[in-house]
Ligand code: WTA
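Numbering (our numbering), first residue to last: 11 to 658.
Here you go:
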């Protein structure tokens, strides 16, 4: 976050009380915070939202800290909680998913239908030799089969690892390898901006080097031609042919539900592990309380991709556990026009919209005329996630999209936390534009200084979570030690989130962005090291340093400084390197700018001084450079900046 924004925070004094009408009907009541003071009793009560096949004996076993066990000995099936129990209770006809395609056609899938599809898929997976504990990689676009695939895995106890379909073959391969996935579920292609883009070739490339993969299950989505391999099996053959009868098995509360890879401060992504009972409890509770879900009236729409944790917790598990009716959209916000989202809100009478600040800022840029052409009066609640939302974007969201009357929930959480941790409760909390306000009931968050001492109101520091929570990660797949050192070693006995935060004079929490070498680009976490490794894997690059520079639309933009190998000068080098990074990681990791430099600023011990590079990238005054080995380096870099902006 820039200095300007920080300064703005200090003068932000607007506050919006909940309207009496909203408060009256809200799921969350003002006494919930005091009722939740006994955290374990509170979470035990929330766990009762779920249907358990065997009761738990203990709410929390923290004896193996920082490895938690929640609702020990309890047994349940996640897909039964998301589907069967709603059908059994007479809600089979209710629409679970309104699937909107880019071309404007749509399809409604009822809970009964979704359950049948999941049962067929579960039987098909079993037929392919996938059993409880086996890992399944899912590389799919935003189509109903993605939800079906995830729930089918959950149904048979096979942890899924969803890989964002925008990631490269290389990124997919490393995730398949790390989890030793037995099956990959993918599609022929996906629709984007009116075109069909192939997905299958990336899978073929990834699987060619992945000995653990026995089969590739392919959904026909675009209908484009696919090169067959001997591992391929078609979804339409094996899933459609399978029986819709499936007797679910109950799994232990701590049975692994999924692995989701996220960037850390090293080049190797971390496989964040989530389990069953605690995860579903917190996903369901927070979805109910934060989004004020009314299953009989609301039409909920979370615009995230299922490749990110938001798609896991707030498209699949939370909403379906709560019997929500929701929109899923496979397409881009500007196809066929820049009012596409507002068209969808109007068409399906969406009541609840959950999206990211980067999208909101993009819409602001496109102008009020787009949303103003549509009837958005069905909206009653707006949510934000993924990065700090600046007060200007918050106010625009409130006024232009929410018509001035929708509460906004700015929800802070992470892949690791599994579910929302800090957020206003609509109907209870008076909100301030740009603040996530306070920890939810049952959650404990504090801001500490370098010495782990809580800071006073009005001061800034590091955000930590000082009590275990039900949907917390249970570790990093295959790397317990990295789990302990990454999250539990910076400060003793508390979880270090990696975010900076400030408490205002009223004790409300303002998130200030990452304090480590993780960038946040359009709400996506990308590590500087990951992009640096991708760059130096190109033969023309000798050395690379990457920083996240603040960006008006995407929050941060990736700026790379590279030193080329002798003789590698080439006019097109910037676009070649950008294409190379897209191939190694995925288009989301393409640097916004690449600067070819002769030297990089380093301390005497050889550490790259990222702060200086960030200043250059943001063209700020350089401040103190006396610890630099060669202070003149900065002048050289600064001069090179103007010439090298890339906008392709
Ligand atoms: C950032 C996404 C400020 C934060 C759910 C965190 C936020 C990282 C907010 C996690 C918010 C997420 N305000 N910052 N409301 N929500 N972040 O794992 O830096 O993709 O550490 O999970 O996003 O990103 P992740």
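Positions of the beta carbon are idealized from the N, C-alpha and C atoms, including for glycine.
Separation of residue 265 and residue 288 (C-alpha to C-alpha, rounded to the nearest whole angstrom) is 10 Å. The criterion of a C-beta distance shorter than 8 Å is satisfied by residue 196 and residue 228. DSSP places residue 154 inside the alpha helix (DSSP H), whose first and last residues are 154-166. In this structure, the straight-line span from the alpha carbon of residue 311 to that of residue 518 is close to 27 Å. Per DSSP, the continuous alpha helix (DSSP H) segment holding residue 180 begins and ends at 179-189. Between the region 54-69 and the region 274-293, the count of C-beta pairs closer than 8 Å reaches three or more; the two stretches touch. For the options 55, 466 and 356, the alpha carbon positioned closest to that of residue 81 is the one of 55.
Short note on residue 424: C-beta closer than 7 Å to some heavy atom of ligand 1.
Look at residue 245: its beta carbon is at least 7 Å from all of the heavy atoms in ligand 1. Sequence-distant partners of residue 430 (beyond 5 residues in either direction) whose C-beta falls short of 6 Å from its own C-beta, in its chain, are 296, 300, 421 and 423. Setting aside the 5 residues that flank it on each side, residue 502 is surrounded in the same chain by 462, each with a C-beta closer than 7 Å to its C-beta; the list follows chain order.
Between the alpha carbons of residue 402 and residue 48 lies a distance of about 38 Å. Around the beta carbon of residue 45, fewer than 16 other beta carbons sit within 10 angstroms, so the residue counts as exposed.
In this structure the region 160-177 lies against the region 304-318, because at least three pairs of beta carbons, one per stretch, are closer than 8 Å. Beta-bridge partners assigned by DSSP to residue 555: 571. Its Cα nearest to that of residue 188, the residue 270 stands out among 167, 231, 225 and 270. Relative to the non-hydrogen atoms of ligand 1, the Cβ of residue 60 never comes closer than 7 Å to any of them. In this structure, DSSP gives residue 423 a state outside helix and strand, which the three-state scheme calls coil.
Per the coordinates, the alpha-carbon of residue 303 lies some 9 Å from the alpha-carbon of residue 36.
Residue range 367-376 is occupied by the alpha helix (DSSP H) that includes residue 367. Exclusion of the five residues before and after residue 159 leaves 148 and 195 as the residues of its chain whose Cβ lies within less than 6 Å of its Cβ. Looking at 440, 555 and 647, the one whose alpha-carbon comes closest to that of residue 30 is 440. For residue 487, no alpha helix (DSSP H) segment is defined, and its DSSP state is neither H nor E. The way I'd put it, the region 243-261 does touch the region 126-141; three or more beta-carbon pairs between them come closer than 8 Å. Not one heavy atom of ligand 1 sits closer than 7 Å to the Cβ of residue 219. Residue range 105-111 is occupied by the beta strand (DSSP E) that includes residue 109. At least one heavy atom of ligand 1 sits closer than 7 Å to the Cβ of residue 530.
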